[in-house]
Structures are given as structure tokens and as C-alpha cells.
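Add 7 to a position in the sequence shown, counting from 1, and you land on the number used in my numbering. Ideal placement from N, C-alpha and C gives every residue a C-beta, glycine not left out. These figures come from a predicted structure and were not determined experimentally.
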Amino acid sequence: IILQCLNKFLTGIMNLHYPYRCTLMTTIEETPWTDPVEENPFFNVYRDKYAVTDGHTLYVPKKDEWYYINKCLEAAYNQGSEWVENEYCDAYNIGQNVGRAAGQTIMYPHIHLIPRRKGDMDDPRGGVRHVIPEKGNYTK
8 IILQCLNKFL
18 TGIMNLHYPY
28 RCTLMTTIEE
38 TPWTDPVEEN
48 PFFNVYRDKY
58 AVTDGHTLYV
68 PKKDEWYYIN
78 KCLEAAYNQG
88 SEWVENEYCD
98 AYNIGQNVGR
108 AAGQTIMYPH
118 IHLIPRRKGD
128 MDDPRGGVRH
138 VIPEKGNYTK
């Protein structure tokens, strides 16, 4: 019951304050993605056209609402964990670009699941911090 109340509260807050809700694209049908590899009532999954690693996928909510975005995050996390467990990859990154300054080019929410493999870069320390060149490895 507590989790249901928290989810309802967060859904209300996110729907009021999500800064990119009013975009040119308001439904999944208006996005440029086609040929989903998976569909369900909450989101579609697509192969990324500009994949950074083999298996890079996008989780795209059916509605631009926190509940649907959260379902994407949950599914991406579960898929990444399954990939590691089944030795498809060694690790994974999950990310979302929100806003043009963050690199978002398609102004509709979507979650990236990027499988990572040993040796795919010389020094992966810092992970998502590498979105800013020279800032990724915080140990130097």
C-alpha cells in the first residue's frame, strides 16, 4: 500500500513538473521509430539506429507520463540484468537524455539500454560521466 501511494504521489508530481511534456511529439505514434522488437501496453522496444554497442536498445513509453517512463526503466534494468546473467554482456548502462542541452534530439522520452563488454573501451571507469569529454575518469 505504501508503494502504491508513493507511486501515485510521484506520478502526480512528475506529470506536473516534467519539463519536456509539451513537445511536438505527444504520442509514440508521432515518433520516428518503427519496427519494434517488443511491444506491450506500456512501451515499445526498438534497436537503436545509431547503436554504440551491439544490442543497444531503446525503451519508448506509449504515453509521455511518469508511470509509463518508469515501466521503461524497470524493463531496461531487468533486461540488462538478464543479459549479464546469461553472459550476453559483462555489464550495461541505462540512460536518458532530457533536453537539448543533454543531447536529446528526439523530443519524446526514451530510455537507452547499452550492453557493455570488457574491452569495449580502454578505461570504462566513470561510466555515464563520459558524456562530458575529459570528465569521465574522475580518478585522474
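Would DSSP call residue i helix, strand or coil?
i: residue 7; result: This structure cannot settle anything about residue 7, because the visible part of the chain is limited to 8 through 147.
i: residue 22; result: Because residue 22 sits at a pLDDT of 49, beneath the cut-off of 50, its placement in the model cannot be relied upon, and the following sentence gives the value as read from the coordinates. Residue 22: helix per DSSP, three-state reduction.
i: residue 52; result: strand
i: residue 124; result: coil
i: residue 91; result: helix
i: residue 113; result: coil
i: residue 134; result: helix
i: residue 129; result: coil
i: residue 78; result: helix
i: residue 140; result: coil
i: residue 46; result: strand
i: residue 98; result: strand
Is it right to say residue i is buried, meaning 16 or more other beta carbons lie within 10 angstroms of its own, or is it exposed?
i: residue 136; result: exposed
i: residue 68; result: buried
i: residue 134; result: exposed
i: residue 109; result: exposed
i: residue 71; result: buried
i: residue 132; result: exposed
i: residue 29; result: Note that residue 29 has pLDDT 42, beneath the 50 cutoff, so the model's placement of it is unreliable and no number is given.
i: residue 140; result: exposed
i: residue 123; result: buried
i: residue 125; result: exposed
i: residue 106; result: exposed
Just checking my contact of residue i with residue j at CB under 8 angstroms: how many whole Å lie between their CB atoms?
i: residue 65; j: residue 40; result: 7 angstroms
i: residue 118; j: residue 83; result: 5 angstroms
i: residue 127; j: residue 60; result: 6 angstroms
i: residue 74; j: residue 50; result: Contact doesn't hold; Cβ gap of about 11 angstroms is too wide.
i: residue 38; j: residue 115; result: 5 angstroms
i: residue 121; j: residue 104; result: Actually they are not in contact, since the Cβ atoms of residue 121 and residue 104 sit about 12 angstroms apart, beyond 8 angstroms.
(message) Does the segment 50-57 come into contact with the segment 90-105, if we say contact requires no fewer than three beta-carbon pairs (one atom in each stretch) closer than 8 angstroms?
(response) no
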